[in-house]
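Colleague:
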């Protein structure tokens, strides 16, 4: 608590002396109802209030703060169903009872000073060009409360970050430093979207008791901080970027040790590991088409090992991941997009619980009609290795300026061993309304 | 034989089209005069868009818009301020004079927190729910000389002002399809070389929409429209564009027309 207060005081000292010239307050109120197909039951009943405030200073700076108060009435989706061990004390949300969560989403000060542009505070940093799945968008961790169904803007966990940008001729250099040791938020065993795929979690043999330990977290605010840089620019019709990140991988590695005391026990200890991430992105337009892509090379990634002889039950490998995407807007008011993702493990060993080369495809078609008040879309994500996937038709309608209603169906299919197939009993239909004021 | 030729020339001169051509200035020349009108190097303005559907339901968007010329190249950017669900959306265009070079366009969607490259070829698509297309928005008060051939067909009055009526037809079926227009008639005020009214037909020859520029007055010495009314004949939808805080003098920083500003907002 003392650290939190100290951080806020430090943050306020940055903006000390500045005089607020203008302020703006707004809110989004969202209500959502989800119904599961198999078994048929209410899956989610949720009310969210997201206030935002901005202060603009005469000196040119701006302070932005956003919060999220969420109340969820269904047990598997409640805050108590999500592990909090991934959060640092600076970024952990407050809870009230089982169902209510209050999170400071963002609180940052931004200012242009000469050639430098700085953003200081808790903020979202977004890299990459991919939609739906991530390659380089790993600067900030993510909540997997709803697997990947939640909008990334909501599931991304903003970090306390120093974000500096400087324009150097045609390039923009971005420098990042984050002492916030917050990592992915994962569902607990009783959560609606708990991971069960052998790709993601170790599988205990029958008769073996599983003990999940508290995560072993990095704890030195300086030595264990993350740092990154991005160089981006626009050249002869091409948007290009080069990216580098030195971070603790946001996903904990589940080390397992089997003992016999006196019955078989699998002790699983989540640990975080350092990795270097090197990559780049591109995009350009050609007539009706936009081509885009990104590539990321991770030096140290860990994977579940099925060979019981491997110490810790995990294997280490480099990982090369890329996406190639193509967007087409040749038909009036219609947007079509397809993406090809591949992940390759150069250090693959046969015991690793995923293929050496893993391939995902995505396809999106969206049509906005009635002067953009009615939007209809279909997103399909498929893994070609496991033959599983996710289909998401969605329709939304702007009833008024600030009132939007929507409905969506999320259908998982495929074998339960797959990343998508593990949720093949979690398909659902959603109805929602969003009011801005 | 000489008599026959003389009679043929006389008869042809009496044909209505030639009489019109002799009486009114050439359509291409009118287009050049429109495009030669001073628009200022840079302008900033507040733009409110009121969209009304055929049932009378109204939606309002408040934006801040900037435009700047870099020689023959034009850059425009628009930032959405209200309402909440589109706030911080931004749209940036770099428009090149060279017809062979495609424009570069980027869209910032706050829900994605990413600047997204968008195709500039969908110029016949309607701009973010309004009744003007991306191409209409890009041209502002100019007219395209590459996409249309023009002829002056008569005189008329628009908004109480005497105007030349210029008929513009796309140079090819392909261009017509791209633009979504089969024909356009423009009422051009030849005193200030401003298009006060335009009637559009779709590619099948059906009436499509009428665009009226109103409240045209000088701001800092430059003729400026403060209201555009668009009535869509097909859908019954209409859009009113209201311009205020128009400023040609203060200048617009170059950095406004970058992806960085699009992402960071105003």
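Protein chains in written order, with the numbering used here: chain A, 1 to 437; chain B, 1001 to 1266.
Where is the CB? At the ideal position from N, CA and C, for every residue including glycine.
Where does residue 208 of chain A fall in DSSP's three states?
Modeller: Coil at residue 208 of chain A, not helix or strand.
Colleague: Would you call the CB atoms of residue 161 of chain A and residue 105 of chain A closer than 8 Å?
Modeller: Result no, Cβ atoms of residue 161 of chain A and residue 105 of chain A do not sit closer than 8 Å.
Colleague: According to DSSP, is residue 189 of chain A helix, strand or coil?
Modeller: Three-state DSSP puts residue 189 of chain A in coil, outside helix and strand.
Colleague: Taking Cβ-Cβ distances shorter than 8 Å, what residues in chain B pair up with residue 140 of chain A?
Modeller: Under the 8 Å cutoff, chain B gives no residues; its nearest Cβ is about 10 Å from residue 140 of chain A.
Colleague: Any idea what DSSP makes of residue 413 of chain A, helix, strand or coil?
Modeller: Three-state result, residue 413 of chain A: strand.
Colleague: Under 7 Å between beta-carbons, which chain B residues line up against residue 283 of chain A? List them in chain order, please.
Modeller: Going along chain B in sequence order, the residues near residue 283 of chain A (Cβ under 7 Å) are 1117.
Colleague: Can you name the residues that DSSP bridges to residue 396 of chain A?
Modeller: In DSSP, residue 396 of chain A forms a bridge with A:375 and A:406.
Colleague: Assign residue 434 of chain A to one of three DSSP states: helix, strand, or coil.
Modeller: Reduced to three states, the DSSP call for residue 434 of chain A is strand.
Colleague: Taking only the alpha-carbon atoms, compute the straight-line gap between residue 1 of chain A and residue 1133 of chain B and give it to the nearest angstrom.
Modeller: Low confidence applies to residue 1 of chain A: its pLDDT is 49, below 50, so where it sits in the model is not reliable, and the reading given next is rough at best. Each residue's alpha carbon lies about 54 Å from the other.
Colleague: Just the Cα atoms here: how many angstroms apart are residue 37 of chain A and residue 257 of chain A?
Modeller: Taking the straight line joining both Cα atoms gives about 38 Å.
Colleague: Measure the beta-carbon distance from residue 1049 of chain B to residue 371 of chain A and round it to whole angstroms, keeping in mind my assumption that it falls under 8 Å.
Modeller: Not really, about 11 Å apart at Cβ, beyond 8 Å.
Colleague: Per DSSP, which one or two residues make a beta bridge with residue 1216 of chain B?
Modeller: According to DSSP, residue 1216 of chain B bridges with B:1225.
Colleague: Helix, strand or coil for residue 150 of chain A? Go by DSSP, reduced to three states.
Modeller: If DSSP states are grouped into helix, strand and coil, residue 150 of chain A belongs with coil.
Colleague: Going by alpha carbons, who is nearest to residue 1219 of chain B out of B:1256, B:1176 and B:1248?
Modeller: Nearest option by C-alpha distance: B:1248.
Colleague: With 8 Å set as the bound, which would you pick, yes or no: does the beta-carbon of residue 1114 of chain B sit closer than that to a beta-carbon of chain A?
Modeller: Yes, residue 1114 of chain B lies at the interface with chain A (some Cβ there is under 8 Å from its Cβ).
Colleague: Can you tell me the Cα-Cα spacing of residue 145 of chain A and residue 100 of chain A, whole angstroms?
Modeller: Roughly 14 Å between the two C-alpha positions.
Colleague: Of all the options A:133, A:137 and A:406, which has the alpha carbon lying nearest to the alpha carbon of residue 149 of chain A?
Modeller: With distances taken between Cα atoms, residue 149 of chain A lies closest to A:133.
Colleague: Output, in sequence order along the chain, the residues in the region 1051-1068 of chain B whose CB is closer than 9 Å to any CB in chain A.
Modeller: The residues in question are 1051, 1053, 1057, 1058, 1059, 1060 and 1061.
Colleague: Quick one: residues in its chain with C-beta nearer than 8 Å to the C-beta of residue 428 of chain A, no 5 flanking neighbours on either side, listed in chain order?
Modeller: The answer, listed in chain order, is 34, 35, 36, 37, 43, 44, 409 and 410.
Colleague: Taking all protein chains shown into account, decide if residue 75 of chain A is buried (16 or more other Cβ within 10 angstroms of its Cβ) or exposed.
Modeller: Result: exposed.
Colleague: Please name the residue, chosen from B:1177, B:1161 and B:1221, that lies closest to residue 1188 of chain B on a Cα-to-Cα basis.
Modeller: It is B:1161 whose Cα lies nearest to the Cα of residue 1188 of chain B.
Colleague: So with Cβ pairs under 8 Å, would you call residue 1181 of chain B a contact of chain A?
Modeller: With 8 Å as the cut-off, residue 1181 of chain B does not count as an interface residue toward chain A.
Colleague: Are residue 196 of chain A and residue 91 of chain A touching if we call contact CB-CB under 8 Å?
Modeller: Not closer than 8 Å, so no.
Colleague: List, in order along the chain, the chain A residues whose C-beta lies closer than 7 Å to that of residue 1083 of chain B?
Modeller: By Cβ distance, chain A contributes 401, 402 and 436.
Colleague: Enumerated in chain order, which unbroken segments of the alpha helix (DSSP H) with a length of 4 residues or greater are wholly contained in the region 1124-1175 of chain B?
Modeller: 1134-1139, all fully within the region 1124-1175 of chain B.
Colleague: Give the single residue among B:1181, B:1226 and B:1144 whose Cα lies nearest to the Cα of residue 1242 of chain B.
Modeller: The residue with the shortest Cα to Cα distance from residue 1242 of chain B is B:1226.
Colleague: Check whether the Cβ of residue 1121 of chain B lies closer than 8 Å to any Cβ atom in chain A.
Modeller: Interface residue, yes.
Colleague: Determine, using beta carbons only, whether residue 360 of chain A and residue 326 of chain A come nearer to each other than 8 Å.
Modeller: Cβ atoms of residue 360 of chain A and residue 326 of chain A: not closer than 8 Å.
Colleague: Between residue 1083 of chain B and residue 432 of chain A, is the Cβ-Cβ spacing less than 8 Å?
Modeller: The answer is no: Cβ separation not under 8 Å.
Colleague: From residue 1097 of chain B to residue 80 of chain A, what distance separates their C-alpha atoms?
Modeller: Roughly 59 Å between the two C-alpha positions.
Colleague: Taking 8 Å as the threshold (beta carbon to beta carbon), is residue 124 of chain A in contact with chain B?
Modeller: Closer than 8 Å to some Cβ of chain B, the Cβ of residue 124 of chain A qualifies, so yes.
Colleague: In three-state terms, what does DSSP make of residue 1265 of chain B?
Modeller: Coil at residue 1265 of chain B, not helix or strand.
Colleague: Below 8 Å between beta carbons: does that hold for residue 1111 of chain B and residue 131 of chain A?
Modeller: Cβ distance not < 8 Å, so residue 1111 of chain B and residue 131 of chain A don't count as in contact.
Colleague: Does DSSP put residue 17 of chain A in a helix, a strand or coil?
Modeller: At residue 17 of chain A the pLDDT is 47, less than 50, meaning the model places this residue with poor confidence and gives no usable figure here.
Colleague: What residue from A:218, A:173, A:244 and A:369 has the CA that sits closest to residue 397 of chain A's CA?
Modeller: Ranking A:218, A:173, A:244 and A:369 by Cα distance to residue 397 of chain A puts A:369 first.
Colleague: Suppose only complete runs of 4+ residues qualify. What are the alpha helix (DSSP H) ranges in the region 119-184 of chain A, listed by chain order?
Modeller: The region 119-184 of chain A contains these whole alpha helix (DSSP H) runs: 152-155.
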